[in-house]
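Peer 1:
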Amino acid sequence: MDCGVDSAAERVDAMDYALALVAEIRRGRSDFAVGICGSGQMMAMASNRFGFMRSTLLHTAQEAEWARQHGDANMLVLGADILDAATAEQILATFLSTAALGERYAERRERLAQLDVSKL
Ligand SMILES: O=C(CO)[C@H](O)[C@H](O)COP(=O)(O)O
Numbered sequence: 001m002d003c004g005v006d007s008a009a010e011r012v013d014a015m016d017y018a019l020a021l022v023a024e025i026r027r028g029r030s031d032f033a034v035g036i037c038g039s040g041q042m043m044a045m046a047s048n049r050f051g052f053m054r055s056t057l058l059h060t061a062q063e064a065e066w067a068r069q070h071g072d073a074n075m076l077v078l079g080a081d082i083l084d085a086a087t088a089e090q091i092l093a094t095f096l097s098t099a100a101l102g103e104r105y106a107e108r109r110e111r112l113a114q115l116d117v118s119k120l
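Following UniProt numbering, the numbering of the sequence shown begins with 1 at its first residue and continues without gaps.
(1) Three or more C-beta pairs closer than 8 Å, one from the stretch 90-99 and one from the stretch 63-71: is that the case here?
(2) Would you mind stating whether alanine 46 and leucine 19 have Cβ atoms separated by less than 8 Å?
(3) With a CB to CB cut of under 6 Å and the five nearest residues on each side skipped, what residues in its chain are close to asparagine 48?
(4) For methionine 53 versus serine 30, is the C-beta distance shorter than 8 Å?
(5) Shortest alpha-carbon distance to alanine 80 belongs to which of Gly51, Leu58 and Leu21?
(6) Which value, in whole angstroms, describes the spacing of the CA atoms of aspartate 16 and leucine 78?
(7) List the residues that DSSP assigns as beta-bridge partners of methionine 75.
(8) What is the DSSP secondary structure of arginine 49, reduced to helix, strand or coil?
(9) List the whole-angstrom C-beta distance separating alanine 61 from glutamine 90, where the pair is believed to meet the contact cut-off of C-beta under 8 Å.
(10) For the putative contact between alanine 14 and methionine 43, defined by C-beta atoms under 8 Å, what is the C-beta separation to the nearest angstrom?
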């Protein structure tokens, strides 16, 4: 499902597109989302407001491997103004082909899901 825009001519708010991707995951229509905006910052901040999201702003393929293995990240965010196309493609390929690890990483994921402002 492509939730994005077809042209850079019109100014849009990246948050709207982050929310569209989060909704796709929430409705069970996608397991993963890929969000792209200028810096990636607003996509990452907005999507991580939701407890079922593990969104990660990445700059290298090595980060993508760790984000999937250790964090079971379910949303990849890329900054179009930062990355060249070849690097973005490497990050995407690694993100999609790397499985989450279990054991302490699964425990960490569960702990992340349980974070609650009332327990601060
Ligand atoms: O990367 C972005 C958000 O994360 C935007 O592309 C960046 O902030 C520029 O926004 P605008 O075109 O509205 O000034």
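Glycine included, C-beta positions come from ideal geometry on N, C-alpha and C.
Peer 2: With the given structure in hand:
(1) As far as the Cβ criterion goes, the stretch 90-99 touches the stretch 63-71, which means the pair count is three or higher.
(2) Against a cut-off of 8 Å, the Cβ pair of leucine 19 and alanine 46 comes out as a contact.
(3) Excluding residues within five positions, the ones whose Cβ falls inside 6 Å are Ser55.
(4) At the C-beta level, methionine 53 and serine 30 stay beyond 8 Å of one another.
(5) Among Gly51, Leu58 and Leu21, the Cα nearest to that of alanine 80 belongs to Leu58.
(6) Those two C-alpha atoms are separated by around 16 Å.
(7) Beta-bridge pairing by DSSP links methionine 75 to Ala33 and Ser55.
(8) Arginine 49 falls in the coil class under three-state DSSP.
(9) A Cβ-Cβ separation of about 4 Å places alanine 61 in contact with glutamine 90 under the 8 Å criterion.
(10) The C-beta separation of alanine 14 from methionine 43 comes to about 5 Å, placing the pair in contact by the 8 Å criterion.
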